[in-house]
Each structure stands twice: as C-alpha cells, then as structure tokens.
Amino acid sequence: MKDEYDFSDGKRGAIAPTKGKTRITIMLDDAVIEAAREVAESEGFGYQTVINNTLRHTLLNSRGATEELEHLSGQFKQGITATDLKSLEKKLSAAVNEIRRVLEPEAKP
C-alpha cells in the first residue's frame, strides 16, 4: 500500500437512480415509528415502506384520488396482487387510526 495516492484525475462514480424516491430526514414520534414497525413486521415490509404507503394512501384519499392510487399501485414490488393491495390498505388505514388514537390527548371526563 502506498503512503499517498493521487486522486487529481479522479472522477465521481456512477450515481444510483432514485426510482421516484427522495431521501429525506424527518422527525417522527416514537409511537409512530413503533406502530409502523409492528405493521411492517406482520406484513413483511420495511417500516419505511409502511410509513410511505400510509402517507400515500392518506394523502391521495384526502384529495379523492382513488383512481390515482390504483394507477400508482403498479409501483409496488412484483408479485403483489390487487387483493393483497386492498388488504394492505385496510390494515394501513387501521394503523393510521391507531396512531391517531395513541397520539390524541386523553379525553377528561
């Protein structure tokens, strides 16, 4: 091994394509992360995928874009069926409701 290497003619390597996703840093409540990890573990997805899909589902539904959601469903990994997608959407919706319930301040009698 040399003591010094000359990188003056070096070039940056290839950059992996983003495939429609952007890396960001975001602060989430511990309860949100925990709930997403629980759903991810039971569904066999990564927790970031669960969070992304939950956000997509919630945002698209709030705009009334169900047709767009069906169009975007083709972006999921190969092998997932429409039935699987509908089932996952129901579970994600339940997870969102649970997250909301956990994060809401307790009602005082």
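Under numbering that gives the first Met the number 0, residue 108 is the last one in the sequence shown; the count climbs by one each step, no gaps.
All C-beta atoms in this analysis are idealised placements derived from N, C-alpha and C, irrespective of residue type, glycine included.
If you're wondering where the values come from, they're calculated on a predicted model, not measured in any experiment.
With a threshold of 16 other beta carbon atoms within 10 Å, Ala35 meets it and is buried. Ala13 sits in coil when the DSSP states are folded into three classes, being neither helix nor strand. Residue range Ala81 to Leu102 is occupied by the alpha helix (DSSP H) that includes Glu97. Under the three-state reduction of DSSP, Tyr46 is assigned to helix.
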